[in-house]
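Q: Residue numbers (our numbering): 213 to 589.
Cβ atoms here follow ideal geometry from the backbone N, Cα and C, with glycine treated the same way.
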């Protein structure tokens, strides 16, 4: 009986503990649900940081999207080159053709972006207020294209066509005399100026055109006329009408102090004379003439660096007997034009001598390294 009582008490205690545990679990679930509901209804404020800064998330959500900063002038990247030195090809030919239209290059294209092309580009850029780099960037190219016409295939590849005839066989008059005198001055025409465009004149024009890679027609078009005028000076009345030039000898001026020692070709622009002076003694005096205003003979102290008794000009195709070079392409040499026309013409910068025999003697005396003094007395 006592054992039964103990068993019943144990059962009651266990049942009571179980009920209490169940009630506690229900109470806990109700409490947690209440917290979640309250939290969803009233979000917790975010505590400010110790520096007083606001929440970065909320700042980003309210601020407009940022815009990348605009680069300043100093930060602007350099224009990308379109063409640059060393480039070759058809586009370089187009560049050269367009530069020719603006008189920055000769008509003939090479397709090679060489030093001459770079110099022409730099000149074009300077003229237009563009930085003179000699490199064709996008700005330079757009400006060049806007100022020129698109060249044809023939223009880019040097397929030249004759232009309208300005002077041709059968023509007569002053213009023909001018043409003949100019051809005579560069040794393409011999004999008197007649004023008639005859077969001799036609042959001279053909030779001149062939030498300059101009379409050979024997007739003068604008291309032929421009090239001839660029190589010659306007002929005088005496040259156009076969009047004898003054062949009198010039009177030398004061000998420059720099000419008084050593072996010196002493060239006086004032008196238009050349004197060969050795140790202060004048051994030979010759009449000379000089370059025109657009191609003046340089002044100063030089030295003979090359001598060629049978030289022919690479630029003009004319003979330059007994050449004694002293400054770049400038030389003392015999000139048949000077002998024929006297001071009616001018050189392209050289010192012309009209006394053939006298210069031949002088050529035999001068040596490479001898001094040359060009001055005004």
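Could you check where the alpha helix (DSSP H) with residue 328 kicks off and where it finishes?
A: Taken as a continuous stretch (DSSP letters only), the alpha helix (DSSP H) holding residue 328 covers 327 to 339.
Q: For the alpha helix (DSSP H) holding residue 357, just list the boundary residues, first then last.
A: Looking at the DSSP string, the run of the alpha helix (DSSP H) that includes residue 357 is 350 to 359.
Q: Near residue 490, what residues of its chain come up, given a Cβ to Cβ distance below 7 Å and the 5 sequence neighbours on each side ignored?
A: Same-chain partners within the cutoff: 475.
Q: Rounded to the nearest angstrom, what separates residue 512 and residue 410 at their Cα positions?
A: Residue 512 and residue 410: Cα-Cα distance of roughly 46 Å.
Q: If you draw a straight line from the C-alpha of residue 302 to the C-alpha of residue 408, how long is it?
A: Answer to the nearest angstrom: the Cα atoms are 44 Å apart.
Q: Measuring straight from C-alpha to C-alpha, what distance separates residue 529 and residue 440?
A: So the alpha carbons of these two residues sit roughly 12 Å apart.
Q: What first and last residue would you give for the alpha helix (DSSP H) that runs through residue 485?
A: Taken as a continuous stretch (DSSP letters only), residue 485 belongs to no alpha helix (DSSP H), being part of the beta strand (DSSP E) at 485 to 490.
Q: Which same chain residues, not among the five before or five after residue 435, have their C-beta less than 7 Å away from its C-beta?
A: Only 375, 426 meet the Cβ criterion.
Q: Would residue 535 and residue 549 qualify as a contact pair, given that the criterion is a beta-carbon distance under 7 Å?
A: Cβ distance not < 7 Å, so residue 535 and residue 549 don't count as in contact.
Q: Any contact of the segment 569 to 587 with the segment 464 to 474, i.e. 3+ C-beta pairs under 8 Å?
A: Judged by Cβ distances under 8 Å, the segment 569 to 587 makes contact with the segment 464 to 474, as three or more pairs qualify.
Q: Determine the contact status of residue 515 and residue 581, defining contact as a CB-CB distance below 7 Å.
A: Their beta carbons are under 7 Å apart, which means residue 515 touches residue 581 by this criterion.
Q: On the DSSP bridge list, what partners appear for residue 539?
A: DSSP lists 542 as partners of residue 539.
Q: Tell me whether residue 522 is buried or exposed, calling it buried when 16 or more other Cβ atoms sit within 10 Å of its Cβ.
A: With fewer than 16 other Cβ atoms within 10 Å, it is exposed.
Q: Taking residue 443 as the reference, which of 461, 484, 424, 577 has the closest Cα?
A: Looking at the Cα atoms, 424 is the closest of the given residues.
Q: Taking residue 454 as the reference, which of 396, 363, 370, 541 has the closest Cα?
A: Ranking 396, 363, 370, 541 by Cα distance to residue 454 puts 396 first.
Q: Please state whether DSSP places residue 345 in a helix, a strand or coil.
A: Coil.
Q: How about residue 393 and residue 451: do their beta carbons lie closer than 7 Å?
A: Taking 7 Å as the Cβ cut-off, residue 393 and residue 451 qualify as a contacting pair.
Q: Along the chain, where does the alpha helix (DSSP H) that runs through residue 475 open and close?
A: Residue 475 -> not in any alpha helix (DSSP H); beta strand (DSSP E) instead, spanning 475 to 480.
Q: So what's residue 429 in DSSP terms, helix, strand or just coil?
A: In the structure shown, residue 429 sits in coil (DSSP, three-state: anything other than H, G, I, E or B).
Q: Below 7 Å between beta carbons: does that hold for residue 432 and residue 504?
A: Taking 7 Å as the Cβ cut-off, residue 432 and residue 504 do not qualify as a contacting pair.
Q: In the DSSP output, what is residue 583 paired with across the bridge?
A: According to DSSP, which records beta bridges pairwise, residue 583 is partnered with 476, 515.
Q: Classify residue 325: buried if its beta carbon has 16 or more other beta carbons within 10 angstroms, exposed otherwise.
A: Residue 325 comes out buried.
Q: How would you write the range of the alpha helix (DSSP H) that residue 417 sits in, first residue to last?
A: That run of the alpha helix (DSSP H) goes 411 to 423.
Q: In this structure, what does DSSP give as the bridge partners for residue 524?
A: In DSSP, residue 524 forms a bridge with 531.
Q: What are the boundary residues of the alpha helix (DSSP H) that includes residue 304?
A: Its alpha helix (DSSP H) spans residues 302 to 313.
Q: DSSP state of residue 503, grouped into three classes?
A: If DSSP states are grouped into helix, strand and coil, residue 503 belongs with the strands.
Q: Inspect the beta-carbon positions of residue 486 and residue 500 and report whether they are closer than 7 Å.
A: Yes; because the gap between Cβ atoms is below 7 Å, this pair is in contact.
Q: Of the choices 328, 304, 369, 569, whose alpha-carbon is the least far from that of residue 353?
A: Taking only the C-alpha atoms, the option nearest residue 353 is 304.
Q: Does the beta-carbon of residue 577 have 16 or more other beta-carbons within 10 angstroms, so that it is buried, or is it exposed?
A: With fewer than 16 other Cβ atoms within 10 Å, it is exposed.
Q: Does the Cβ-Cβ distance between residue 310 and residue 379 come in under 7 Å?
A: The answer is no: Cβ separation not under 7 Å.
Q: How would you label residue 368, buried or exposed, when you count the other beta carbons within 10 angstroms and need 16 or more for buried?
A: The residue in question, residue 368, is buried, as its Cβ has 16 or more Cβ neighbours within 10 Å.
Q: Compare the C-alpha of residue 482 against each of 462, 420, 494 and name the closest.
A: Residue 462 is the option with its Cα nearest to residue 482.
Q: Exposed or buried, which one is residue 413 when buried takes at least 16 other CB atoms within 10 Å?
A: It counts as buried.
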